[in-house]
Amino acid sequence: MATATQALQNYTDTFGQLAKSGQRAPSWLQNLRQTGFDRFRAAGFPTTRDEDWRFTSVAPITQTNFQLSRNGHRLPTSQQIDAYRLAGAACQLVFVDGRFASALSSPAPSVKGVRVASLASLLASEPQALEPYLGRYLNTQRDAFAALNTAFLEDGAFVHIAKGVVLEDPIHLLFISTAHDAPEMSHPRNLIVAEDNAQATVVEEYVSLGGAPAFCNTATELIAGNNAAVSHYMIEREDTQAFNVSTLRIQQGRHANIASHSVLIGGAIVRNNVHPVLAGEGGECLINGLFIGNGRQHLDNYMLVEHAQPHCGSRQFYNGILDGSSHGVFHGRIVVHKDAQKTDAKQTNRNLLLSDQAQIDTKPQLEIYADDVKCTHGATIGQLEENALFYLRSRGIDEVSARRLLLMAFASECLDRMKEGPARQHVESLIHAHLVTLAKSSAGFNRASHRSDIERHVEEVG
Amino acid sequence: MSLLEIKNLKARVDEREILKGINLTINPGEVHSIMGPNGSGKSTLAGVLARREAYEVTGGEVLFNGKKLLDMKAEEAACEGLFLAFQYPVEIPGISNAYFLRSALNAIRKYRGEDEMDAMDFLPLMREKLKLLDMNEALMNRSVNESFSGGEKKRNEILQMAVLQPKLAILDETDSGLDIDALRIVAQGVNAMRNKDRAFLVVTHYQRLLNYIVPDFVHVLRDGRIERSGGPELALELEEKGYGTSEAGAFTAGAPA
Chain P
3 MATATQALQN YTDTFGQLAK SGQRAPSWLQ NLRQTGFDRF RAAGFPTTRD
53 EDWRFTSVAP ITQTNFQLSR NGHRLPTSQQ IDAYRLAGAA CQLVFVDGRF
103 ASALSSPAPS VKGVRVASLA SLLASEPQAL EPYLGRYLNT QRDAFAALNT
153 AFLEDGAFVH IAKGVVLEDP IHLLFISTAH DAPEMSHPRN LIVAEDNAQA
203 TVVEEYVSLG GAPAFCNTAT ELIAGNNAAV SHYMIEREDT QAFNVSTLRI
253 QQGRHANIAS HSVLIGGAIV RNNVHPVLAG EGGECLINGL FIGNGRQHLD
303 NYMLVEHAQP HCGSRQFYNG ILDGSSHGVF HGRIVVHKDA QKTDAKQTNR
353 NLLLSDQAQI DTKPQLEIYA DDVKCTHGAT IGQLEENALF YLRSRGIDEV
403 SARRLLLMAF ASECLDRMKE GPARQHVESL IHAHLVTLAK SSAGFNRASH
453 RSDIERHVEE VG
Chain R
383 MSLLEIKNLK ARVDEREILK GINLTINPGE VHSIMGPNGS GKSTLAGVLA
433 RREAYEVTGG EVLFNGKKLL DMKAEEAACE GLFLAFQYPV EIPGISNAYF
483 LRSALNAIRK YRGEDEMDAM DFLPLMREKL KLLDMNEALM NRSVNESFSG
533 GEKKRNEILQ MAVLQPKLAI LDETDSGLDI DALRIVAQGV NAMRNKDRAF
583 LVVTHYQRLL NYIVPDFVHV LRDGRIERSG GPELALELEE KGYGTSEAGA
633 FTAGAPA
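Going line by line, the protein sequences match chains P and R.
Quick note: the first sequence uses my numbering, first residue 3, plus one each step.
Quick note: the second sequence uses my numbering, first residue 383, plus one each step.
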């Protein structure tokens, strides 16, 4: 434990050392980092007094002295990584404590027009390839974590899909926290560029191999050109000591079609920000999420969907399953700018509470500055349906299996929105295994409490 | 040995006494019908026998195949060979009808120490039973009962029964919401399953269903007790005179005004 002041000093010292060692970097990059850090210093970590952080206290993060890992001396073995491979991936880039681990990664696919590399290697060899994109989209003004990520920007993945190129198989980016004895932090930064008419699937997955608290503060800029189609997956399954803050900033061109799938099942405190800007006419954005909490997990989903141009559609669907004393947050904000006529935005959050102590805060927020738009939002909170449980059991299916089937059915609403393929299969098997455990731990709750009165339904059309 | 033996069964729901001492014995091969006005306790009896937890048993004993049914959970009763066809089959979005049915069959097979059936082995069995009930195979790929018509839901219940092959099938108001064609198909499905080992308990408000599934015994349930028992002719009498008649006339014994 450290006081917030000590922790802030820790970040200042660490940044100072980093800035010194990064003096040979191009000046635009040095400026980017410095601006990020200045912004972070000025803003400080958010508190629950900030509207965007009302339901999430980051005190456990701000009060810990996290150090950047002294990288390299404890690389996991290839066997340790095997458990985390994505079958059918085009390639896998492995990052250990934020650093690219070439020995554990598989080579980039040899498809013309597809470039997959570590950001650090490109910053060293070809920074001009990154300069037009890097840091241009992520909003560091609004979010101190994004600013901090920018200040510590060193490594991550760079994915570039050239005009018209279609890569069918997913690119798997695996981020491993290995904190063993002391709290460690990493700030991975990813840049994904899909040029006009390009198509790709990128899977970011966060796991832990250590035993000490790790803080992973990650940010991804995804730039999709006109008619580009990109599926992005964020899978958080670190251990229950981990803190994970992630921001996905999506910039969409005309008729670009983007799907963001967030799957949060691990971590102690998790904050997942998804921020698409529909910046070209006719863009379509699907923001799909599934979060499953247990124990004392805190899983916060924050979305800011900006409609900047006419005739764009956005769909947010988040399903939450909360057991134990876990706490889920759905905060979905839709901003329709004044030129964005004929916007069609929809937001739905459905939640299952499996215990008396589990909690969900769901907050839809619409800001509409155009006059010809269709925006709807709705949220439901309920339990596993007693009738459905009995129906399954009356056919011979035992209680734990019946619960698992119903939980899987609820989760399937999210899984079904993912395109068929290796990425979806990967997620499905993860969720399946996770729900087997959850069904066991939550059995008997419905019987014990007899609550049927908590069903709440909010539906508004604006 | 009788298949089902209900002795002085009492049960309540939310503090309200519904069953006030039911006695009924069913032997293998028999078809019994329970008739009675709304609120007499018909569905509660079906629910208690299927081990629905919302019903609290306050007295009595039930032996199913010689085993204490009231000590069993719903899934155990099902695995022991008890089946309830629901009055209101439950919609379960996200679980396919075929997967559900195969999971149920395998749960029961596993309980009996038999090998589980894979999808390939299950398919011909399922198709055979679908034919019996004149059901479209497409219904099997849809979520359980989701957006099924009333008739499709009831046929789906009988399909499950045909696949699971219970020793005792309880049909709870299976005729409600069925048109005459669907009723005939459902009854055909049931009749095809009648044999010397299997028994049925047909719970119904109307006599209509009993034209198609002819019972061996008819029992009239009123205010939580079996007020009168007889043969199939009793159902016809009720149809003619209505339940109200019984209060005023022929079989008033113990009935409240």
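Note that CB positions come from ideal geometry on N, CA and C, so glycine has one too.
As the structure is a prediction and not an experimental result, all values here were calculated from the model.
Taking a beta-carbon distance threshold of 7 Å, R/L466 counts as an interface residue toward chain P. When 7 Å is used as the limit between beta carbons, P/D400 is near these residues of chain R: E457, A489, in chain order. Ranking R/V526, R/I400, R/R394, R/N405 by CA distance to the CA of R/L386 puts R/N405 first. Within chain P, the residues whose beta carbon sits less than 7 Å from that of R/I477 are L407, A411, listed in sequence order. Using a CB distance below 7 Å, the part of the region 381-392 of chain P facing chain R consists of N389, A390, F392, ordered along the chain. Cβ neighbours of P/F160 within its own chain (closer than 6 Å, five residues either side excluded): A119, L121, L124, L193. The beta-carbon separation of P/A231 and P/G268, rounded to 29 Å, does not stay under the 8 Å limit for a contact. Note that the region 410-417 of chain R does not touch the region 451-467 of chain R; fewer than 3 beta-carbon pairs, one per stretch, sit closer than 8 Å.
Residues of the same chain with their beta carbon placed closer than 6 Å to that of P/S23 are lacking, with the five preceding and five following residues left out of the count.
Rounded to whole angstroms, the Cβ separation of P/I163 and P/V205 is 15 Å, and the two are not in contact under 8 Å.
Contact of P/S443 with chain R is not assigned, every C-beta pair being separated by 7 Å or more.
Taking a 10 Å sphere around the C-beta of P/R138, we find fewer than 16 other C-beta atoms and assign the residue as exposed. As the crow flies, the alpha-carbon of P/G380 is around 16 Å from that of P/V307. Any Cβ of chain P closer than 7 Å to the Cβ of R/R607 would place that residue at the interface, and such an atom is absent. The beta carbon of P/H182 is closer than 8 Å to those of R76, G212, G213, A214 in its chain, skipping five residues each way along the sequence. Scanning its chain for C-beta atoms nearer than 7 Å, with the 5 sequence neighbours on each side dropped, one finds around R/Y493 the residues C461, in chain order. Against R/Y493, the close residues of chain P are G398, in the order they occur along the chain (beta-carbon pairs closer than 8 Å). Listed in chain order, the positions of the region 404-433 of chain R with a beta carbon within less than 7 Å of a beta carbon of chain P are A432. Counting only runs of 4 or more residues that sit fully inside the region 211-273 of chain P, no alpha helix (DSSP H) segment turns up. According to the DSSP assignment, P/F147 belongs to the alpha helix (DSSP H) that extends over 146-153. For P/L140, the secondary structure class from DSSP, reduced to helix, strand or coil, is coil. In terms of beta-carbon proximity, R/S611 stays away from the interface with chain P, with every pair separated by 7 Å or more. Between P/G282 and P/G255, the gap from beta carbon to beta carbon is short of 7 Å. Within a 10 Å sphere around the beta-carbon of P/A85 sit fewer than 16 other beta-carbons, which makes this residue exposed. For P/S414, the C-beta contacts it makes with chain R under 7 Å involve G476, in order along the chain.
Each residue's CA atom was taken as its position, placing P/V98 and P/T378 some 41 Å apart. Around the CB of R/I408, 16 or more other CB atoms lie within 10 Å, so the residue is classed as buried. In the DSSP assignment, P/Q8 falls outside any beta strand (DSSP E) and lies within the alpha helix (DSSP H) extending over 6-23. Not a single C-beta of chain R is nearer than 7 Å to the C-beta of P/R426. Assigned with DSSP and collapsed to three states, P/T66 falls in coil, not helix or strand. The C-alpha of R/A501 is placed about 41 Å away from the C-alpha of P/N275. By the beta-carbon neighbour count (other beta carbons within 10 angstroms, threshold 16), R/E534 is buried. When DSSP states are grouped into helix, strand and coil, P/F160 belongs to the strand group. Separation of the CB atoms of P/Y208 and P/F177 is rounded to 5 Å, and the pair is thereby assigned contact status at 8 Å. For R/N523, the enclosing alpha helix (DSSP H) covers residues 520-523. For P/F293 and R/D605, the gap between their C-alpha atoms comes out near 49 Å.
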